[in-house]
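To keep things clear, I will list the structure first and then write my remarks on it.
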């Protein structure tokens with residue numbers, strides 16, 4: 059590997075990353091369809107630049123998938139790299155210190171929507187491949203690049219592709235670099251991801267909004283009704299009131315919990331710098347790792363109803379809507395969660411309310427066996443570049459594609475270069491540039507080691 | 059009175075009313091400041107047309123007040139007419155069958171924002187004055203017209219005016235035609251109005267929105283927090299949990315309750331046609347009249363938090379806001395309600411939440427003594443035109459200006475031409491045109507009878 063690559067190319071690399079991050083490839087909604095395509099095209103250009111003889115822009119019912127195959131290296135193992143070029147919406151916009159699609163470097167960090175989730179990570183992998191080629195330009199392994207544009211919106215294009223052409227995942231290893239270090243200086247691999255069951259709950263109590271003077275005291279208020287339903291679905295102490303939920307959860311093993319207990323963790327710092335709250339909430343009998351990694355959640359992501367404009371309007375609202383989700387842990391499936399959540403809502407809904415639940419995308423929880431040799435190779439690469447092998451942790455988030463990537467039987471390395479305070483999905487999302495430069499070196503060495511160098 | 063006036067002038071009258079209703083004089087917010095002024099100017103023109111020698115457009119810190127004095131009739135009593143030219147916002151717009159400011163006649167009803175609240179009523183009074191002049195154009199009484207543009211937004215211009223110039227309310231009677239019949243065919247006068255305490259509650263639990271995968275299970279969710287606070291302020295059975303609230307309420311008299319019991323009332327019809335709900339809610343031990351007229355309320359008018367755009371975003375929201383109000387009955391004051399509500403919120407707010415309550419406009423509840431002779435005169439006018447005198451009822455709504463209008467010592471006749479299903483503050487607000495034509499006749503005769511004719 060060209061160990062001088064990053065130092066020498068840094069200005070160009072930074073410019074390219076800024077170019078990628080400047081594309082507002084928000085995949086939810088329809089406002090940025092063309093921008094998603096621009097981001098896909100940017101990747102296509104990168105893959106051609108890397109010398110890939112096969113580059114495909116694969117269309118489907120949504121944003122396209124980008125596929126690339128590196129020059130063949132007979133006898134060398136084949137690695138599938140997965141990432142996504144789409145990003146989350148940017149609201150609330152007024153909380154950004156610099157515009158989300160005008161990447162801004164401050165104090166060694168690059169601020170932009172998608173900086174870490176997932177463009178910065180995709181970028182590190184692309185450039186690692188570039189760095190890992192020898193002086194004649196020959197790569198150490200066979201790489202398949204798979205970048206989708208619907209990770210944040212739950213689209214089906216990549217799922218349809220892998221279902222129709224499962225041979226694409228017939229590889230020796232898969233790397234999904236959409237994750238974070240456990241802590242600064244502590245690279246990680248992930249043994250489990252939570253799944254996701256996302257829905258919109260619509261409640262109507264009246265055919266029309268009413269005057270609160272005339273009817274206040276007798277007319278059912280839709281906001282009050284939806285608030286009470288939501289509160290009935292979760293106790294103040296954080297217990298989710300969905301039948302058979304906790305009973306179905308597979309608890310983490312003793313070994314796993316022991317490993318977690320040995321991780322460095324400063325609760326005060328976590329609360330202040332990451333959660334940015336005055337106190338933590340949730341099930342007190344469980345550790346923070348258990349609450350965020352090994353237990354299901356019920357969250358309200360958005361709520362709207364009645365008059366929310368400027369000023370005062372004395373209306374009894376007829377309808378209200380909430381966006382809600384449950385995170386799922388091993389033992390639970392999306393199908394089960396949907397069924398049980400619907401039952402729970404039917405139970406808490408008052409007779410006078412009409413309600414409907416519309417389920418969005420979802421994903422089952424994931425468990426990964428990290429005993430495969432490829433994990434040791436990754437450990438060696440991290441150790442060489444950043445001085446420490448990975449720790450095995452879990453993640454609270456969801457990547458629904460992971461089970462599909464594992465279908466070919468290859469180990470799935472869930473890892474990445476993020477840091478816990480990167481603020482993914484939040485205003486002022488950032489990537490630490492040193493993490494990008496280190497990431498290029500780590501992944502470059504990983505490619506070489508995988509190829510036996 | 060020119061008894062043929064309405065029949066003869068109907069096409070012109072309808073055109074004029076449509077013209078008035080076409081002005082989108084929404085007083086909340088700042089988008090319609092110029093439209094409010096246009097509505098005020100429309101009234102100024104009407105008053106000149108009626109021959110008023112004194113017409114004033116009175117400026118203040120908000121929308122202007124329109125004042126007019128009819129040609130003096132020495133020895134005749136003086137009546138102060140109060141109304142408002144501003145209207146409520148029109149959201150949700152998509153529920154209107156015709157645009158709110160494109161008045162549309164369907165089946166004898168005129169649909170538009172402000173049709174009954176209050177432009178249609180103001181119009182009936184103006185035209186009643188026109189109709190009551192004799193063939194030489196001489197009016198039967200002295201009339202003072204007072205029309206404000208901030209009834210729906212709680213502005214202070216008219217309050218400031220009457221505080222500075224209390225002599226404007228030195229009259230023999232005041233009529234506030236901003237009310238409804240008790241039922242079709244049953245004109246009414248009102249013995250009490252509920253007061254109003256309106257506020258915005260802001261809650262923050264995090265410094266920034268968080269990813270629900272990473273932090274779901276430990277991070278306090280602002281929407282969950284505000285929902286739980288709101289639910290803790292009111293029980294599922296409708297009891298408001300604000301300290302000392304019910305203890306302070308003055309119960310209606312036995313005579314009053316007896317009068318209410320004799321009113322025609324079909325609960326099934328009320329539920330279906332007016333409330334448009336599957337069931338009534340609220341304190342079961344109290345009658346519907348008591349719940350809507352004689353008990354305080356706690357309503358959520360609007361709520362907003364988190365991601366409410368198209369699609370899915372898995373965010374733990376940092377902040378949420380709700381618009382809330384309490385209706386107040388005799389025994390309660392705005393000052394008391396604010397103090398007690400703030401105490402109640404402090405009690406239900408969890409330690410980890412930052413919150414703020416911002417109070418909007420408000421008004422104390424009102425009680426009116428309906429034994430004055432002017433009420434009998436009004437009864438005679440209604441009896442002559444629509445065949446029935448008024449019934450004495452209460453109203454659940456609030457008109458904060460009423461105590462100010464009563465300061466001169468004159469009886470305040472709270473009456474009007476609305477019908478219970480007019481949908482004021484709702485989409486498809488309407489006025490029954492026959493009620494307008496009848497109203498012109500009733501008020502015209504009332505003016506004459508008050509003048510001794």
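Chains as they are written, first to last, in the working numbering: chain X, 59 to 511; chain U, 59 to 511.
Glycine included, every Cβ here is placed at the ideal spot set by N, Cα and C.
Because the structure is a prediction, the values reported are computed rather than measured.
*Going along the chain, which unbroken runs of the beta strand (DSSP E) with 3 or more residues stay wholly within the region 420–477 of chain U?*
Counting only runs of 3 or more, we get 449–453 and 470–473.
*Is there at least one Cβ from chain X nearer than 8 Å to residue 338 of chain U's Cβ?*
Using beta-carbon distances, residue 338 of chain U counts as an interface residue toward chain X, with a partner under 8 Å.
*Can you have a look at residue 112 of chain U and say buried or exposed, based on whether 16 or more other CB atoms are within 10 angstroms of its CB?*
By the neighbour-count rule (16 or more Cβ atoms within 10 Å), residue 112 of chain U is not buried but exposed.
_Taking the straight line between their C-alpha atoms, what separation do you get for residue 260 of chain X and residue 378 of chain U?_
Residue 260 of chain X and residue 378 of chain U have their C-alpha atoms spaced approximately 19 Å apart.
*Output the distance between the C-alpha atoms of residue 331 of chain U and residue 479 of chain U, rounded to the nearest integer angstrom.*
Roughly 7 Å between the two C-alpha positions.
_Applying the 10 Å Cβ sphere with the 16-neighbour rule, what's the burial state of residue 416 of chain U?_
Result: exposed.
*residue 81 of chain U: first and last residue of the uninterrupted beta strand (DSSP E) it sits in*: Per DSSP, residue 81 of chain U belongs to no beta strand (DSSP E) and is neither H nor E.
*Hey, how far is the Cα of residue 343 of chain X from the Cα of residue 304 of chain X?*
When the Cα atoms are used, residue 343 of chain X and residue 304 of chain X turn out to be separated by approximately 14 Å.
*When DSSP builds the beta bridges, which residues end up paired with residue 260 of chain X?*
Residue 260 of chain X pairs with X:379 and X:414.
*Residue-chain proximity (residue 349 of chain U, chain X), Cβ-Cβ < 8 Å*: Yes, residue 349 of chain U lies at the interface with chain X (some Cβ there is under 8 Å from its Cβ).
*How long is the line joining the alpha carbons of residue 251 of chain U and residue 325 of chain U, rounded to whole angstroms?*
When rounded, the distance between both Cα atoms is 22 Å.
_Cβ neighbour criterion (16 or more within 10 Å) applied to residue 423 of chain X_ = The residue in question, residue 423 of chain X, is buried, as its Cβ has 16 or more Cβ neighbours within 10 Å.
*How far does the alpha helix (DSSP H) with residue 400 of chain U in it reach, from first residue to last?*
Note, residue 400 of chain U: alpha helix (DSSP H), 392–406.
*At a Cβ cut of 9 Å, what residues of the region 211–244 of chain U count as close to chain X, listed as they run along the chain?*
Residues of the region 211–244 of chain U that bring their beta carbon within less than 9 Å of a beta carbon in chain X comprise 211, 212 and 238, in sequence order.
*asked:* Along the region 76–97 of chain U, where does the CB come closer than 7 Å to a CB of chain X? Name the residues.
replied: Residues 86 and 87.
*Is residue 86 of chain U buried or exposed, if buried means 16 or more other CB atoms sit within 10 Å of its CB?*
Classification of residue 86 of chain U: buried, given that the 10 Å Cβ count is 16 or more.
*Residues of the region 476–498 of chain U with Cβ closer than 9 Å to any Cβ of chain X, in chain order*: Only 478, 481, 482, 483, 484, 485 and 486 from the region 476–498 of chain U bring a Cβ to less than 9 Å from some Cβ of chain X.
*Give, in chain order, every residue of the region 167–187 of chain X whose Cβ lies closer than 7 Å to some Cβ of chain U.*
Residues of the region 167–187 of chain X whose Cβ lies closer than 7 Å to any Cβ of chain U: none.
_Residues of the region 362–373 of chain X with Cβ closer than 7 Å to any Cβ of chain U, in chain order_ = Residues passing the 7 Å Cβ filter: 362, 363, 364, 365, 366, 367, 368, 369, 370, 371, 372 and 373.
*Using a C-beta cutoff of 8 Å, does residue 164 of chain U count as contacting chain X?*
Answer no: the Cβ-Cβ gap between residue 164 of chain U and chain X never drops below 8 Å.
*Spell out the partners DSSP gives residue 237 of chain U in its beta bridges.*
DSSP, once it has assigned bridges, lists no residue as partnering residue 237 of chain U.
*Who are the Cβ neighbours of residue 414 of chain U in its own chain at under 6 Å, not counting the five residues just before and after it?*
Excluding five sequence positions before and after residue 414 of chain U, the CB atoms of its chain that fall closer than 6 Å to its own CB belong to 260, given in chain order.
*asked:* Strictly by DSSP, which residues pair up with residue 384 of chain X?
replied: Per DSSP, the beta-bridge partners of residue 384 of chain X are X:255 and X:356.
*Which residues bound the alpha helix (DSSP H) around residue 91 of chain X?*
Unbroken alpha helix (DSSP H) run through residue 91 of chain X: 91–107.
*Residues, ordered as in the chain, of the region 257–291 of chain U that lie near chain X by beta-carbon distance below 7 Å*: Correct list: 263, 264, 265, 266, 267, 268, 269, 270, 271, 272, 273, 274, 275, 276, 277, 278, 279, 281, 282, 285, 286, 288 and 289.
*Say whether chain U places a C-beta atom closer than 8 Å to the C-beta of residue 410 of chain X.*
Interface criterion met: the Cβ of residue 410 of chain X is under 8 Å from a Cβ in chain U.
_Close Cβ partners of residue 372 of chain U (< 7 Å) along its chain, the five nearest in sequence each way excluded_ = Excluding positions up to five away in sequence, the list reads 269, 270 and 271.
*When you compare only the Cα positions, how much space is there between residue 63 of chain X and residue 213 of chain X?*
Each residue's Cα considered, the two are about 36 Å apart.
_What does the alpha-carbon distance come out to for the pair residue 375 of chain U and residue 135 of chain X?_
Their backbone Cα atoms lie some 44 Å apart in a straight line.
*Could you pull the start and end residues of the beta strand (DSSP E) that residue 205 of chain U belongs to?*
Residue range 200–206 is occupied by the beta strand (DSSP E) that includes residue 205 of chain U.
_Taking the alpha-carbon of residue 386 of chain X as reference, which of X:454, X:220 and X:184 has the nearest alpha-carbon?_
It is X:454.
*Which stretch, first to last residue, makes up the beta strand (DSSP E) that contains residue 488 of chain U?*
Its beta strand (DSSP E) spans residues 488–490.
*Report yes if the C-beta distance between residue 456 of chain U and residue 267 of chain X is below 8 Å; otherwise report no.*
Taking 8 Å as the cut-off, the beta carbon of residue 456 of chain U is found no closer than this to the beta carbon of residue 267 of chain X.
_Within chain X, the residues that residue 147 of chain U reaches when beta carbons sit closer than 8 Å_ = In chain order: 365, 367, 369 and 371.
*Could you tell me the boundaries of the beta strand (DSSP E) in which residue 167 of chain X lies?*
Its beta strand (DSSP E) spans residues 167–169.
_For residue 128 of chain X, the three-state DSSP class (helix, strand or coil)_ = Residue 128 of chain X: coil per DSSP, three-state reduction.
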